[in-house]
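S.K.:
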Amino acid sequence: MTRTNRSLPPLRLGWTALAKSWLRKIDRLRRLAVRLERGAPLAAANQEPFSALVRSAGNLADLRPHLLVLVPWLPIGGAEVLLADILDSLKAEWRLSIVTTETGDQALAPAFAAITTEIYHLPDLLDRRHWFEFVAALMASRDSKAILSSGSRFLYKNLKRIKARFPAIRSYDILHNDAPKAHLASALRARLHIDRLIAVNERIGRSLTGGGARPGTVAVIPNGVDYEGVFNPHGMDRAAARQRFGIEEDTFVIGFVGRMSAEKRPLAFLTVAAPILATHPNARLVVLGDGPMAKAFGDAAEASGIADRLHHVPRLDRSAMPQFYASCSILVMSSLIEGTPLVMLEALAMGCPVASTDVGDAALIIREGINGFIVPVAVPEDLTPRIASLVDDTAALERMRAAARQSIIDTGRSVNAMLAAYRALMRPEFPARHRR
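Sequential numbering from 641 applies to the sequence shown in the working numbering.
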């Protein structure tokens, strides 16, 4: 005997109605994308996120080519600070739209908003299944000529589809490290569709070439800093800088700058620094950074008995970074993965020695015992006795400070040279006259 379930037909009808509703929405979005691509006007009553893609008359009069920028998010990190500098330099020749695809920290969004008003956080706008059509509609409505990406999983996954729909589009991708299981592998899988792979150092460039990147597609543009202007210790009041962070003048300050995340290893930093504080009463820690490991970091500091000698600043305005470095006696980088970290370049430019694990091209810039210290990634604690040797040796510390500043000048790691290289690489093929 078969039991009849009288609730089944209404349930089935409910799911059918829901499916039809979603299909109608998807079909409407696709039709809207086609209309945008053809330049058709949108109904004023349309409240879908796609309606934001309608260009104003003033925007239509701007004849600069359009560059779509794809990034995961906009936190305060080295890669994002670098990207902001690059986009600020490119905006004279390109119209810019930024699309982010990950939920999370967007603390640097105001800096990007000063560069372009077109910033779309897709997780706040649409269900993930509609992201590709939104990006395609954006590209069609703006007549995009190129894409610039930095660590975008969305780009790696969808670039083939994008190229199929927009065959003439050029794609540029910035690689910040060569960790095999990070973005390097994704970039190499998408290499047939990426026109230029931009490596921030020679090591990453070699990894791309060795991994099968097409000949002529790898460009190496080393990171640079403004060591003549912004990151220049001359005229900096170190006493005032230290006062800002509650540090007394005769204190030996061990600094850390980085996201509280596994790749930066903030707990390893405590492993390096805690023994120094245990034997040197005049030593203090100043830490800048926030992230998923912030609580674990605070708990570890409490457990080590050094929480009262730790000044932790979760976030700091970029304009105050020179003061931060000026307040430090030495900066520690305990990272597991890096490319060419901006914090290393900025600290050295400010005359702050750097003690680092051997990540990225740190060993090419840091000279052992001259402008800092460098140890294998597996043993960050080997930095402890090296740093401790400077605590009570003022003369040695001053020599190292002078060498730190000079090392950046000698390597020519200028932000102007870096930005000129990006402009040359990404210069539009047919620059248009435009009204500003």
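Every residue gets a Cβ at the ideal spot worked out from N, C-alpha and C, and that includes glycine.
CB-CB under 6 Å to proline 763, same chain, minus the five flanking residues each way: which ones, in chain order?
M.R.: These residues qualify, in order along the chain: Thr743.
S.K.: Are the CB atoms of phenylalanine 885 and histidine 816 within a distance shorter than 7 Å?
M.R.: No, these two residues do not count as a Cβ contact at 7 Å.
S.K.: DSSP state of proline 750, grouped into three classes?
M.R.: Here proline 750 sits in helix by DSSP.
S.K.: Would you call threonine 1024 buried or exposed, if buried means 16 or more other Cβ atoms sit within 10 Å of its Cβ?
M.R.: Buried, by the Cβ-count rule.
S.K.: Any idea what DSSP makes of aspartate 813, helix, strand or coil?
M.R.: Of the three classes helix, strand and coil, the one that applies to aspartate 813 here is strand, per DSSP.
S.K.: Given leucine 925, which residues of its chain have a CB within under 6 Å of its CB, disregarding the five upstream and five downstream residues?
M.R.: Here the set comprises Ile894, Ala913 and Leu950.
S.K.: Is there contact between the region 795-807 and the region 713-728, where contact requires at least three CB pairs shorter than 8 Å?
M.R.: Result no; under three Cβ-Cβ pairs closer than 8 Å.
S.K.: Looking only at DSSP bridge pairs, what is phenylalanine 1114 linked to?
M.R.: Here the chain has residues from 641 to 1076 only, and residue 1114 is not among them.
S.K.: Just the Cα atoms here: how many angstroms apart are arginine 1067 and asparagine 1056?
M.R.: Cα to Cα, the separation comes out at about 16 Å.
S.K.: Within 10 angstroms of the Cβ of leucine 1065, are there 16 or more other Cβ atoms? Answer buried if so, exposed if not.
M.R.: Classification for leucine 1065: exposed.
S.K.: Could you check the C-alpha separation between aspartate 1022 and threonine 911 for me, to the nearest Å?
M.R.: For aspartate 1022 and threonine 911, the distance between alpha carbons rounds to 10 Å.
S.K.: Which of helix, strand or coil does DSSP assign to leucine 722?
M.R.: DSSP places leucine 722 in helix when its eight states are reduced to three.
S.K.: Quick check on aspartate 1033: buried or exposed, where buried means 16 or more other Cβ atoms within 10 Å of its Cβ?
M.R.: So aspartate 1033 ends up on the exposed side.
S.K.: Consult DSSP for arginine 1039 and reduce its assignment to one of helix, strand or coil.
M.R.: Of the three classes helix, strand and coil, the one that applies to arginine 1039 here is helix, per DSSP.
S.K.: Taking only the alpha-carbon atoms, compute the straight-line gap between alanine 918 and serine 944 and give it to the nearest angstrom.
M.R.: If you take the alpha carbons of alanine 918 and serine 944, they lie about 9 Å apart.
S.K.: Entirely within the region 946-1003 and at least 3 residues each: give me those beta strand (DSSP E) ranges in chain order.
M.R.: As far as the region 946-1003 is concerned, its whole beta strand (DSSP E) runs of at least 3 residues are 950-953, 970-973 and 994-997.
S.K.: Report all residues from its chain with a CB closer than 8 Å to the CB of isoleucine 834; omit the five preceding and five following residues, and keep chain order.
M.R.: The answer, listed in chain order, is Leu799, Ser811, Tyr812, Asp813, Ala827 and Thr857.
S.K.: So, helix, strand or coil for alanine 819, using DSSP?
M.R.: Coil, per DSSP.
S.K.: Which ranges does the alpha helix (DSSP H) cover as unbroken runs of at least 4 residues, wholly within the region 813-879, from first to last along the chain?
M.R.: Listed in chain order, they are 823-829 and 842-850.
S.K.: Ignore the nearest five residues each way along the sequence and tell me which others in valine 870's own chain have a CB closer than 7 Å to its CB.
M.R.: Same-chain partners within the cutoff: Pro962.
S.K.: Rounded to whole angstroms, how far is the Cβ of alanine 989 from the Cβ of tyrosine 867, which I believe are closer than 8 Å?
M.R.: About 4 Å separates the two Cβ atoms, so the contact holds.
S.K.: Hey, is the region 964-973 in contact with the region 776-790, meaning 3+ C-beta pairs nearer than 8 Å?
M.R.: Segments in contact, no.
S.K.: Which residues in the same chain have their Cβ closer than 6 Å to the Cβ of histidine 920, if we skip the five residues on either side of it in sequence?
M.R.: The residues are Val1031.
S.K.: For aspartate 890, count the other beta carbons within 10 Å of its own beta carbon; 16 or more makes it buried, fewer makes it exposed. Which is it?
M.R.: Exposed, because fewer than 16 other Cβ atoms sit within 10 Å of the Cβ of aspartate 890.
S.K.: Check each candidate in Asp957, His874, Arg831 and Ala934 and name the one with the smallest Cα separation from glycine 991.
M.R.: That would be His874, whose Cα lies nearest to the Cα of glycine 991.
S.K.: Please report the distance separating the alpha-carbon of isoleucine 1010 from that of phenylalanine 909.
M.R.: Going by the C-alpha atoms only, they are around 21 Å apart.
S.K.: Counting pairs of beta carbons, one from the region 737-755 and one from the region 1002-1009, are three or more of them closer than 8 Å?
M.R.: No: the two stretches stay apart, fewer than three of their Cβ pairs being nearer than 8 Å.
S.K.: Please classify phenylalanine 806: does DSSP put it in a helix, a strand, or coil?
M.R.: Looking at phenylalanine 806 - three-state DSSP - the assignment turns out to be coil, as it is neither helix nor strand.
S.K.: What's the C-alpha gap between isoleucine 977 and serine 847?
M.R.: Roughly 14 Å separates the two Cα atoms.
S.K.: Can you say whether asparagine 605 is buried or exposed, counting buried as having 16 or more other CB atoms within 10 angstroms of its CB?
M.R.: Residue 605 cannot be examined here, being either before or after the span of the chain that is shown, 641 to 1076.
S.K.: Confirm, please, whether the CB-CB distance from serine 975 to proline 932 is below 7 Å.
M.R.: Not in contact: proline 932 and serine 975 (Cβ atoms no closer than 7 Å).
S.K.: Excluding the five sequence neighbours on either side, which residues of its own chain have a C-beta within less than 6 Å of the C-beta of alanine 853, listed in chain order?
M.R.: Counting only Cβ-Cβ distances below 6 Å, and skipping sequence neighbours, we find Arg831 and Leu837.
S.K.: Beta carbon of isoleucine 755, beta carbon of leucine 710: below 7 Å?
M.R.: It is not a contact, given that the beta carbons lie outside the stated cut-off.
S.K.: Per DSSP, leucine 1059 forms a beta bridge with which residues?
M.R.: For leucine 1059, which the question treats as bridged, DSSP gives no partner whatsoever.
S.K.: Pull up the distance between the alpha-carbon of alanine 1036 and that of valine 994, whole angstroms please.
M.R.: The alpha-carbon atoms of alanine 1036 and valine 994 are separated by roughly 14 Å.
S.K.: So, helix, strand or coil for threonine 1024, using DSSP?
M.R.: Three-state DSSP puts threonine 1024 in a helix.
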